[in-house]
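Residue numbers (UniProt numbering): 1 to 951.
Where a beta carbon is used, it is the ideal one built from N, C-alpha and C, also for glycine.
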């Protein structure tokens with residue numbers, strides 16, 4: 001992306017290349033032109049920040065030639081956030097008409113596979129003025145600028161810390177008045193400058209131990225934060241009297257950016273050396289009144305609803321890399337490896353082309369999924385540079401990285417390799433890893449003390465472990481102590497996997513990811529199963545457990561151990577408890593989700609190739625997860641917990657239940673019918689009980705006189721007379737709609753109305769819009785979107801044909817009229833109307849899906865059990881708008897009108913996942929052309945009196 005920053009400027013006495021610098025930022029901080037001493041202090045600080053954050057460390061992830069790191073500005077990749085978008089421009093009149101006729105296609109040169117996020121068009125949607133417009137993803141730099149207090153989350157290796165350090169480096173450069181292609185921040189103008197300070201949160205948590213952080217005082221003890229930050233500035237950057245610089249910045253509104261990196265690396269429980277996560281977060285939140293900008297980074301799983309309530313700050317997730325970003329990444333990194341002497345010049349084009357082609361291969365989905373993560377993509381590049389091979393999963397990738405690093409120990413340098421240095425040809429780097437380092441790594445991960453989450457290995461502990469191993473194998477020199485000394489000295493010289501500190505008294509793993517891999521490998525291969533179960537609730541051990549099981553999956557002899565792990569988690573009783581001791585229900589639910597996630601991470605298809613009884617585990621997990629999703633008492637407890645009631649263990653909030661539902665989709669969701677036999681079974685014996693009870697699909701609504709519409713004080717609700725009918729418990733899912741496609745739904749003209757056939761011909765559609773985005777395994781139980789009104793009607797007609805022998809006389813499958821929809825959603829069993837399906841309680845995420853912006857898609861059906869209507873229908877408000885069979889009219893006119901075909905605007909009801917909480921009500925109503933098929937609309941089937949033309 002850029003030229004190297006090495007040697008780009010000569011700095012001396014507050015000048016760069018002879019030009020006075022720092023005046024602009026100094027004036028912003030002091031409110032006046034800074035005095036020479038003030039400017040000199042500022043420039044010295046900014047220069048130290050620039051020096052210390054100008055490289056991206058890659059020690060332990062590739063060749064030893066990369067030990068000095070890579071130039072950050074040259075390899076940095078702009079990052080976008082999930083679920084937030086910026087309008088680029090409105091559609092022209094011609095484009096608008098083409099879009100409405102389903103003929104508009106985003107040009108390939110502007111697709112996410114071709115462009116970086118600042119140029120790639122991701123969707124067409126309405127802008128704030130109600131006009132159709134092209135939208136791109138919002139960049140992380142734009143989000144930071146717009147939100148003075150922000151939490152930035154993402155998966156391990158997604159680039160959170162790299163983004164934070166690059167932002168700090170850029171702001172330091174801008175403070176030194178270096179405005180160029182390296183220091184441009186998209187969304188910022190060139191005059192915007194901030195004083196950047198980055199500090200690991202674990203260090204802050206340690207600095208506050210033993211102090212009264214004043215969480216119960218009327219005023220926060222902001223002096224503690226100031227002192228901790230100043231001590232960090234002095235220690236890290238060697239700045240004397242940093243308080244004069246910090247105090248000047250704090251005196252101005254939002255001119256200091258405090259970047260607190262790695263909340264997830266702060267311990268969950270307080271200790272003698274560290275505060276806990278909750279306390280640190282509450283302290284920072286109380287200090288936000290300092291008029292200082294604050295950015296916190298955290299792993300996604302570690303950011304809980306409790307933390308969101310503590311801060312009340314927006315949280316955004318970094319988006320996975322797109323195809324365009326991957327291509328740019330590859331074409332940047334391989335040349336950098338050439339400059340470091342890792343690969344030859346002629347290998348750049350060959351390796352780059354091979355990797356780009358592999359990532360575009362539709363049969364290499366697993367590889368592409370890995371490449372969406374910047375750290376994993378860099379590892380793939382390192383492995384290719386060294387071996388020319390393409391790894392297929394995370395565990396194998398890390399194994400190849402470790403082998404590459406251990407080979408550096410075995411390679412001859414100055415005429416000696418590891419075996420010669422120790423005096424025994426049997427000794428290899430791999431054997432030391434298998435018999436010594438994995439265990440030490442595991443122990444270090446248990447007692448992590450470093451600022452970035454890596455555990456520390458005491459040098460004496462390392463020597464003793466080596467001595468014990470050498471004595472056990474009867475080292476040929478007959479001197480285990482001497483061999484251990486030689487081995488440690490050799491490791492010191494070769495660096496790579498283990499890195500000594502400046503004193504040589506402590507070693508750390510080169511990268512947290514590799515530490516997690518080795519710790520997980522030891523945990524699953526060497527420790528009793530009880531130990532894995534003991535740490536399974538600690539989020540720091542989640543990734544090691546996954547990686548350890550991945551290593552087991554790669555060892556065909558270890559399939560029995562995977563079976564033991566899954567069995568212990570799935571079993572509702574405590575492991576080997578005598579007498580039998582049932583797990584707490586909430587603990588069992590979490591174990592089910594963990595077991596399903598482990599299987600999905602290993603790839604159930606891969607496990608099918610082992611001796612593991614995959615079918616048994618699928619059935620047991622399906623059974624248990626469905627119990628979780630249907631447990632109303634648990635859902636009520638989750639609501640109480642959401643409102644602040646303390647519980648131990650805590651129930652699973654909606655985000656955890658959504659993960660469970662996604663995993664259930666991959667196992668086969670049994671909550672709704674898919675094939676003809678299942679549909680017929682659900683339709684043969686229709687219930688006539690108006691109730692939430694039961695999990696049957698068709699929910700009965702009795703005949704009667706009902707008031708509909710007229711929700712506002714100045715409106716008179718009309719009364720309608722309805723025949724009995726049944727409403728689908730869920731909206732139609734991707735899996736259900738796929739059966740329609742596979743049955744020839746788009747090719748059989750009998751299913752389509754006159755206007756529908758014209759629409760299909762005009763649009764050339766053979767699947768719903770964005771179909772490929774919906775067919776990944778975890779999305780199969782989400783409601784189908786990207787369907788027009790005509791497609792919804794065709795599905796209903798197809799289903800009517802499938803069920804015709806089993807339907808009551810005069811009934812068919814169709815969309816609901818507005819009246820039928822509203823009665824099913826709003827009425828209680830005693831005939832009263834209520835504003836929300838659950839009553840008068842304020843909406844929460846436990847009731848319905850709204851304000852859900854992390855992904856531009858709905859959630860799985862049925863995760864908001866407390867939002868269930870009295871008839872038993874779920875997700876009737878929120879998640880997706882629902883097509884109705886009624887043409888839209890103002891003031892709820894003709895709400896009972898039911899059309900079998902139309903080219904007029906149709907009413908949609910219920911709101912969607914992006915809606916505000918105030919819109920999640922039974923009154924939610926909107927109008928759309930019947931050929932409109934965006935992200936936010938789906939449909940639900942009704943079993944109701946048939947309609948021929950209009951009734």
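C-alpha distance - residue i paired with residue j, whole-angstrom precision
i, j, result
"residue 703", "residue 916", "33 Å"
"residue 252", "residue 291", "7 Å"
"residue 345", "residue 444", "40 Å"
"residue 656", "residue 852", "14 Å"
"residue 827", "residue 573", "41 Å"
"residue 664", "residue 95", "40 Å"
"residue 740", "residue 795", "7 Å"
"residue 55", "residue 289", "33 Å"
"residue 806", "residue 946", "14 Å"
"residue 699", "residue 869", "10 Å"
"residue 682", "residue 747", "27 Å"
"residue 271", "residue 160", "26 Å"
"residue 208", "residue 274", "7 Å"
"residue 76", "residue 634", "45 Å"
"residue 944", "residue 848", "26 Å"
"residue 322", "residue 114", "9 Å"
"residue 728", "residue 639", "25 Å"
"residue 215", "residue 283", "7 Å"
"residue 3", "residue 78", "The pLDDT assigned to residue 3 is 34, lower than 50, so where the model puts this residue is not dependable, and the model offers no usable value."
"residue 578", "residue 614", "28 Å"
"residue 186", "residue 141", "6 Å"
"residue 725", "residue 942", "7 Å"
DSSP beta-bridge partners of residue i
i, result
"residue 182", "For residue 182, which the question treats as bridged, DSSP gives no partner whatsoever."
"residue 942", "727, 814"
"residue 198", "259"
"residue 137", "85"
"residue 294", "149, 258"
"residue 700", "726"
"residue 928", "906"
"residue 120", "DSSP lists no partner for residue 120."
"residue 936", "Paired residue(s): none; residue 936 is not in a bridge."
"residue 827", "833"
"residue 80", "139"
Residues near residue i in its chain [Cβ-Cβ closer than 7 Å; skip 5 each side]
i, result
"residue 883", "789, 792, 815, 906, 908, 937, 939"
"residue 896", "720, 817, 819"
"residue 600", "663, 666"
"residue 568", "529, 533, 575"
"residue 484", "463, 466, 467, 470"
"residue 802", "676, 679"
"residue 31", "252"
"residue 535", "541"
"residue 333", "75, 378, 381"
Close-in-space but distant-in-sequence residues of the same chain around residue i (CB under 6 Å, 5 per side omitted)
i, result
"residue 667", "618, 621, 622"
"residue 611", "559"
"residue 149", "288, 294, 313"
"residue 812", "800, 946"
"residue 86", "136, 138"
"residue 958", "The chain is shown only over 1 to 951; residue 958 falls outside these bounds and no answer can be derived."
Closer than 9 Å to chain D by CB, residue i
i, result
"residue 819", "Looking at the structure shown, chain D is missing, and only one protein chain is on hand."
Neighbourhood of residue i by C-beta distance below 8 Å, restricted to the same chain and skipping five residues each side
i, result
"residue 798", "740, 743, 745, 748, 751"
3-residue-minimum beta strand (DSSP E) runs that sit fully inside the stretch 852-911, ordered along the chain: 881-887, 906-909, all fully within the stretch 852-911.
Contact between the stretch 350-368 and the stretch 386-396 (3+ Cβ pairs under 8 Å): Contact between the stretch 350-368 and the stretch 386-396 is present, because at least three Cβ pairs lie under 8 Å.
Cβ contact check for the stretch 462-470 and the stretch 434-442: 3 or more pairs under 8 Å: Verdict: yes, contact present.
The stretch 294-308 in contact with the stretch 259-274 per 3-pair CB rule at 8 Å: Touching, yes.
In chain order, each alpha helix (DSSP H) run of at least 4 residues that lies wholly inside the stretch 483-533: Within the stretch 483-533, the complete alpha helix (DSSP H) runs of at least 4 residues fall at 512-525.
Length-filtered (4 minimum) alpha helix (DSSP H) runs lying within the stretch 309-377: Complete alpha helix (DSSP H) runs here, min 4: 323-339, 345-360, 365-371.
At least three beta-carbon pairs within less than 8 Å, the stretch 298-315 to the stretch 35-54: Judged by pairs of C-beta atoms under 8 Å, the stretch 298-315 does not touch the stretch 35-54, as fewer than three such pairs exist.
Whole beta strand (DSSP E) elements within the stretch 720-791, 3-residue minimum: DSSP runs (the beta strand (DSSP E)) wholly in the stretch 720-791: 725-728.
Three-pair Cβ contact test at 8 Å for the stretch 767-785 versus the stretch 729-740: Touching, per the Cβ criterion.
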